[in-house]
Amino acid sequence: MYQEVILDHYKNPHGRGLRDGDAEVHHVNPTCGDEITLRVKYDGTTIEDVSYEGQGCSISQASASVLNELLVGKDLADARKIQETFLELMQSKGRLEPDDAMEDVLEDAVAFAGVSKYPARVKCALLSWMAWKDATAQALGGAADAERKTA
Amino acid sequence: MYQEVILDHYKNPHGRGLRDGDAEVHHVNPTCGDEITLRVKYDGTTIEDVSYEGQGCSISQASASVLNELLVGKDLADARKIQETFLELMQSKGRLEPDDAMEDVLEDAVAFAGVSKYPARVKCALLSWMAWKDATAQALGGAADAERKTA
Amino acid sequence: MTQLPGLLDTEAIRKDFPILDRQVHDGRKLVYLDNAATSQKPRQVLDALSEYYERYNANVHRGVHVLAEEATALYEGARDKVAEFINAPSRDEVIFTKNASESLNLVANMLGWADEPYRVDHETEIVITEMEHHSNIVPWQLLAQRTGAKLKWFGLTDDGRLDLSNINEVITEKTKIVSFVLVSNILGTVNPVETIIRRAQEVGALVCIDASQAAPHMPLDVQALQADFVAFTGHKMCGPTGIGVLWGRQELLEDLPPFLGGGEMIETVSMHSSTYAPAPHKFEAGTPPIAQAVGLGAAIDYLNAIGMDKVLAHEHALTEYAVKRLGEVPDLRIIGPTTAEDRGAAISFTLGDIHPHDVGQVLDEQGIAVRVGHHCARPVCLRYGIPATTRASFYLYSTPAEIDALVEGLEHVRNFFG
Amino acid sequence: MTQLPGLLDTEAIRKDFPILDRQVHDGRKLVYLDNAATSQKPRQVLDALSEYYERYNANVHRGVHVLAEEATALYEGARDKVAEFINAPSRDEVIFTKNASESLNLVANMLGWADEPYRVDHETEIVITEMEHHSNIVPWQLLAQRTGAKLKWFGLTDDGRLDLSNINEVITEKTKIVSFVLVSNILGTVNPVETIIRRAQEVGALVCIDASQAAPHMPLDVQALQADFVAFTGHKMCGPTGIGVLWGRQELLEDLPPFLGGGEMIETVSMHSSTYAPAPHKFEAGTPPIAQAVGLGAAIDYLNAIGMDKVLAHEHALTEYAVKRLGEVPDLRIIGPTTAEDRGAAISFTLGDIHPHDVGQVLDEQGIAVRVGHHCARPVCLRYGIPATTRASFYLYSTPAEIDALVEGLEHVRNFFG
Ligand SMILES: Cc1ncc(COP(=O)(O)O)c(C=O)c1O
Ligand SMILES: Cc1ncc(COP(=O)(O)O)c(C=O)c1O
Chain A
328 MYQEVILDHY KNPHGRGLRD GDAEVHHVNP TCGDEITLRV KYDGTTIEDV
378 SYEGQGCSIS QASASVLNEL LVGKDLADAR KIQETFLELM QSKGRLEPDD
428 AMEDVLEDAV AFAGVSKYPA RVKCALLSWM AWKDATAQAL GGAADAERKT
478 A
Chain B
328 MYQEVILDHY KNPHGRGLRD GDAEVHHVNP TCGDEITLRV KYDGTTIEDV
378 SYEGQGCSIS QASASVLNEL LVGKDLADAR KIQETFLELM QSKGRLEPDD
428 AMEDVLEDAV AFAGVSKYPA RVKCALLSWM AWKDATAQAL GGAADAERKT
478 A
Chain C
162 MTQLPGLLDT EAIRKDFPIL DRQVHDGRKL VYLDNAATSQ KPRQVLDALS
212 EYYERYNANV HRGVHVLAEE ATALYEGARD KVAEFINAPS RDEVIFTKNA
262 SESLNLVANM LGWADEPYRV DHETEIVITE MEHHSNIVPW QLLAQRTGAK
312 LKWFGLTDDG RLDLSNINEV ITEKTKIVSF VLVSNILGTV NPVETIIRRA
362 QEVGALVCID ASQAAPHMPL DVQALQADFV AFTGHKMCGP TGIGVLWGRQ
412 ELLEDLPPFL GGGEMIETVS MHSSTYAPAP HKFEAGTPPI AQAVGLGAAI
462 DYLNAIGMDK VLAHEHALTE YAVKRLGEVP DLRIIGPTTA EDRGAAISFT
512 LGDIHPHDVG QVLDEQGIAV RVGHHCARPV CLRYGIPATT RASFYLYSTP
562 AEIDALVEGL EHVRNFFG
Chain D
162 MTQLPGLLDT EAIRKDFPIL DRQVHDGRKL VYLDNAATSQ KPRQVLDALS
212 EYYERYNANV HRGVHVLAEE ATALYEGARD KVAEFINAPS RDEVIFTKNA
262 SESLNLVANM LGWADEPYRV DHETEIVITE MEHHSNIVPW QLLAQRTGAK
312 LKWFGLTDDG RLDLSNINEV ITEKTKIVSF VLVSNILGTV NPVETIIRRA
362 QEVGALVCID ASQAAPHMPL DVQALQADFV AFTGHKMCGP TGIGVLWGRQ
412 ELLEDLPPFL GGGEMIETVS MHSSTYAPAP HKFEAGTPPI AQAVGLGAAI
462 DYLNAIGMDK VLAHEHALTE YAVKRLGEVP DLRIIGPTTA EDRGAAISFT
512 LGDIHPHDVG QVLDEQGIAV RVGHHCARPV CLRYGIPATT RASFYLYSTP
562 AEIDALVEGL EHVRNFFG
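What follows is the structure, encoded as structure tokens:
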């Protein structure tokens, strides 16, 4: 489960720290205490920045770092696609072998495939992604709460 | 468990019916719905009458009949001894083989020895005896409640 | 051997139940006709229990070690099985409790502590029926006492059915909750759910169904029932003791407050305040009955392999036969419906004025296990003016030969006390 | 092999626990150090469960047939065993629940619905501590919210003990109940019962002790404790899941109102009102966890055969060794007492800034099962400013070699994330 890529992101996180943003959310994984404060900044529908602070395990930390690397600079539609693909992978219970198409979308994030076998850790990997989804809904209007429920 | 003696008392109960008394009690065995209304009449410390009405199984009916037969005419002290001996027998879980001395005290009531092996039925056999004890405490003063609790 | 249409292959089924080989009272074959009190357990369920403890045992949720993940998967897998068994729209609507009684108390307490529009208080009414099990009476009496709500109920007809003639007076605009039994454990009656639900929906009352005697014996579909809550218990359906189920509609479970507080049911706790996990966990405080849920899952697998429609047909055939045979016993009076129509396989009766305790005891001496008493439904005994009944109740392993043995046994009882 | 004075013959004992032979992650030997979450079960307990279901299974009480009488005798026999195990003055003071959480909720609810002098209301105060398990926090928070009572608590010292310096301000004349843990499941601390009880008695407050982590590990004598209620749970003491115990003083159980309503807990029921059975039955609504009580009885037999004083000595020796060995791991900080004095065999720690989830996961890959997280005691994590801990906890089958494996495993964790 601890792929080299994950450990790299954990040890050298991308874009960590809180910077200016359009919306801020604070998410907690109550089962293990992982926390993240995350801000998004949009330029129209382009993601200008995702900044974050948090504490948690290597999986949740690395996942936030990967998120930052993948999403910053992307258009919202593309970002959504990435988020949904990542969610699909993480909910696959280890039964999904990422194919080339998926690797193209997820890049470094495919390294989390192994995590999906560990139900207790899936939430760690998803924490920042759920926070991003929530923050985006807030920043661009729309019912953040409704989004969280269906997440 | 259904000794001939028990069946006899069941089919031809002694002293059944409510007559004049110094105190009346109503006892219920909640686990099976057996009920008895019982009155005692004392002449000083001599038991002049124990009258009763009730509904219930053969064991509880026969037991009330045996009680009437044994206690009426006895002095309170003797009656207490009989009641205590019967209680001891019924709580013996079938481990007590009544000896001659016990038979002398209990007469027909020794037939209930077999019932003591059946925890669910012990309460049936004791119903009238507990009612008598309670009624006696009421009739002669003394804390009926306290007596019931230690019974 | 008596052949009836619709019977299961009981010879094969009985091999799965070790206890049915037991002999009692010096070599008498056990004839177990006390299935409404609790069912026996097939080896498949006992094996699932042992396997759980021998290989996977760990506390569930939150663990990152293998055993904890496996135990959690088994426990939550059992929830999936229950959800499918009752056709629940979502697995998150299945709450594990310790028994049906806790399930029913849980509903009563949720409503007592709820906010509007669910809150039961002194201006509102609770409706039950006179044929409820004590576990569906006392929780509502307690709730009524503690909130000032008024407790009302449907009475019974002489032939053991609900008297719904005054339904519009019993269920009114003030009614917040109607809780009733799907199949009576004492009368055997199968109640007309639709009529009651229709009226409850008219006035906006919630409906709770006690399916303790239904889940083991017939296909159960909570969506078809259209109730808001359905309660049942594991030990009557081939499962272990110590496990019950409450199904509740998701939106209700989201809105209603928790009952028991503690580990597992929280989202986050500080000394000053706590927030709660989403349902079903909100209602499962503390270490749940893990092995028992796994055992219940195995019981459901077992029942599914046979088919609940087949179980129903089997019991219906037995009930028809039993009603007929019992009708041949002089002085025997069935308390409850006297035909097999809309009735389950629990049959209560009186035998002249021989007390049920005596009936049961003399049957027991012949190896025949029936239940005697008021079967936790004393108001029914009061209603019919009897102190108690003798009850014979069947399950998927019961046979016509066992009914014959019962009838013979009753003849012996009559002679004995005659 | 490391030899420590006071150790049990673990080689023999481990043979009784089938799961300890299990291999995980492709052939790694299981090192089970998650005993504070739940214990493993000896074959003797599993056999008792199977035997119960294969020979005696029936619903308890009220039955006149052989199985019902035997099942009742077994169930009530288990109550006798529990009573003796905790030196209860009377067997009728032992209530079977589904787990310790239900036991604690039962106490909270009894007091909420009680008459004076026990009643908890808006003029009164409830006292707990900052080291409670969520199951001894949330029920009191709910009670406080629902009655308006004030919830107060003892804080913790830096070395993981109760700060009783302000005991006279915390426990006052307004205090109705003081509920605290005997042995903390997260810190391992053994609390000074006497000091607290003395103050509680001074002001006439009731005392409830959460003995969930004590009953499995040391002799427990409710009379010596002098508390009013003591709660614990079967699955942590070699027993099955689905069974807990509440012991309460007889006069209190007589005076206090019931909690769950239903079958078995009543004396007589009519539609209009009900009366309740005497304790313990008053508090046991519905079909109890029969097999689980029998299993708990077998667990108690097992523990008694070894001797609880010997279990205590064994764990004390292990704890001493573990504290010493863990002290050798760089960056490891024990959260809780750092010596074996007045501490149980659950040891929480942090390892530099490696997150406990990562510690636990990498240990698991080596076959070592520990628990990580806040162990249902989040206020303790908040108090010490840590997100979570890793916890290793021992039991009568744990060995020094397993502690060595843990220490080696932790080295590996450090290298991995170093
Ligand atoms: C100290 C303490 N109290 C209460 C509990 C709750 O026990 P259960 O989960 O069996 O209800 C636990 C265990 O989880 C515990 O360690
Ligand atoms: C109709 C009905 N409801 C509720 C119950 C209570 O079930 P349990 O005792 O498992 O809580 C029973 C069984 O005893 C029952 O037959």
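Residue numbers (our numbering), protein chains in the order written: chain A, 328 to 478; chain B, 328 to 478; chain C, 162 to 579; chain D, 162 to 579. Just so it is clear, CB atoms sit at the ideal spot from N, CA and C, and this is done for glycine as well. Note that this is a predicted model, so its numbers are computed, not measured.
Residue i - containing beta strand (DSSP E), residue span
{"i": "phenylalanine 257 of chain D", "result": "255-258"}
{"i": "glutamine 362 of chain D", "result": "From DSSP, glutamine 362 of chain D is part of no beta strand (DSSP E) but of the alpha helix (DSSP H) over 354-364."}
{"i": "cysteine 369 of chain D", "result": "367-371"}
{"i": "glycine 400 of chain C", "result": "No beta strand (DSSP E) holds glycine 400 of chain C; DSSP gives it neither H nor E."}
{"i": "glutamate 351 of chain A", "result": "350-356"}
{"i": "alanine 553 of chain D", "result": "550-554"}
{"i": "phenylalanine 393 of chain D", "result": "390-394"}
{"i": "lysine 337 of chain D", "result": "336-342"}
{"i": "threonine 625 of chain C", "result": "This structure cannot speak to residue 625 of chain C, because chain C is shown only from 162 to 579."}
{"i": "aspartate 427 of chain A", "result": "Per DSSP, aspartate 427 of chain A belongs to no beta strand (DSSP E); it is in the alpha helix (DSSP H), 427-433."}
Own chain partners of residue i with C-beta closer than 8 Å, once the 5 adjacent residues on each side are dropped
{"i": "isoleucine 409 of chain B", "result": "Leu397, Leu398, Lys401, Val432, Leu433 and Ala436"}
{"i": "threonine 356 of chain D", "result": "Leu325 and Ile328"}
{"i": "alanine 350 of chain B", "result": "Arg366, Val367, Ala462, Thr463, Gln465 and Ala466"}
{"i": "glycine 452 of chain D", "result": "Per the sequence presented here, residue 452 of chain D reads as alanine, with glycine not at that position. Within the same chain, alanine 452 of chain D has close Cβ partners Leu210, Tyr213, Tyr214, Asn218 and Pro401."}
{"i": "glutamate 440 of chain C", "result": "The question names glutamate, but residue 440 of chain C is alanine in the sequence shown. If we look at alanine 440 of chain C and ignore the five residues flanking it on each side, its Cβ neighbours are Asp253, Glu254, Ile256, Gly409, Gln411, Leu414 and Glu415."}
Beta-carbon spacing of residue i, residue j below 8 Å
{"i": "leucine 386 of chain C", "j": "valine 342 of chain C", "result": "no"}
{"i": "valine 185 of chain C", "j": "valine 227 of chain D", "result": "yes"}
{"i": "arginine 366 of chain A", "j": "alanine 462 of chain A", "result": "yes"}
{"i": "valine 484 of chain D", "j": "isoleucine 496 of chain D", "result": "no"}
{"i": "tyrosine 482 of chain D", "j": "leucine 165 of chain D", "result": "yes"}
{"i": "valine 533 of chain D", "j": "valine 430 of chain C", "result": "no"}
{"i": "alanine 366 of chain D", "j": "isoleucine 338 of chain D", "result": "yes"}
{"i": "histidine 475 of chain C", "j": "glycine 238 of chain C", "result": "no"}
{"i": "isoleucine 529 of chain D", "j": "glycine 570 of chain D", "result": "yes"}
N- and C-terminal bounds of the alpha helix (DSSP H) containing residue i
{"i": "lysine 460 of chain B", "result": "446-466"}
{"i": "alanine 209 of chain D", "result": "204-212"}
{"i": "alanine 440 of chain D", "result": "Unbroken run through alanine 440 of chain D: none, as it is neither H nor E."}
{"i": "serine 485 of chain A", "result": "A question about residue 485 of chain A goes unanswered here, because the residues of chain A that appear run from 328 up to 478."}
{"i": "valine 574 of chain C", "result": "561-578"}
{"i": "tyrosine 337 of chain B", "result": "331-338"}
{"i": "lysine 176 of chain D", "result": "171-176"}
Close Cβ partners of residue i (< 7 Å) along its chain, the five nearest in sequence each way excluded
{"i": "phenylalanine 413 of chain A", "result": "Leu433, Ala436 and Trp456"}
{"i": "tryptophan 301 of chain C", "result": "Ala269, Ile287, Ile289, Leu312 and Ser340"}
{"i": "tryptophan 314 of chain D", "result": "Val288, Ile289, Thr290 and Glu291"}
{"i": "glycine 423 of chain D", "result": "Ala446 and Gly447"}
{"i": "isoleucine 332 of chain D", "result": "Val288, Val339, Arg360, Ala361, Val364 and Ala366"}
Cutoff 8 Å: residue i Cβ touching any chain E Cβ
{"i": "glutamine 522 of chain D", "result": "Among the protein chains in the structure shown, which are A, B, C and D, there is no chain E."}
Same chain, Cβ closer than 6 Å to residue i, five either side skipped, listed in chain order
{"i": "valine 355 of chain A", "result": "Glu362"}
{"i": "valine 455 of chain C", "result": "Ala209, Tyr213, Leu235 and Ala239"}
Distance cut-off 7 Å: residue i Cβ against heavy atoms of ligand 4
{"i": "histidine 396 of chain C", "result": "Ligands displayed in this structure: ligand 1 and ligand 2; ligand 4 is not among them."}
**Item:** Near-chain D residues of the stretch 401-432 of chain C - C-beta to any C-beta below 9 Å
**Value:** Pro401, Thr402, Gly403, Ile404, Gly405, Pro418, Pro419, Phe420, Leu421, Gly422, Gly423, Gly424, Glu425, Met426, Ile427, Thr429, Val430, Ser431 and Met432
Give, in chain order, every residue of the stretch 425-458 of chain A whose Cβ lies closer than 8 Å to some Cβ of chain C.
Answer in chain order: Tyr445, Pro446, Ala447 and Arg448.
Scan the stretch 221-236 of chain D for residues whose Cβ lies nearer than 8 Å to a Cβ of chain B and list them as they occur along the chain.
-> His222, Arg223, Gly224, Val225, Ala229, Glu230, Thr233 and Ala234
Any C-beta of chain D within less than 8 Å: which residues of the stretch 340-364 of chain B qualify?
Val355, Pro357, Thr358 and Cys359
What residues in the stretch 432-457 of chain D have a beta carbon less than 8 Å from any beta carbon of chain C? Met432, Ser434, Ser435, Ala446, Gly447, Thr448, Pro449, Pro450, Ile451, Ala452 and Gln453
The stretch 373-398 of chain B: positions lying closer than 9 Å to chain C by Cβ
Gln382, Gly383, Cys384, Ser385, Ile386, Ser387 and Gln388
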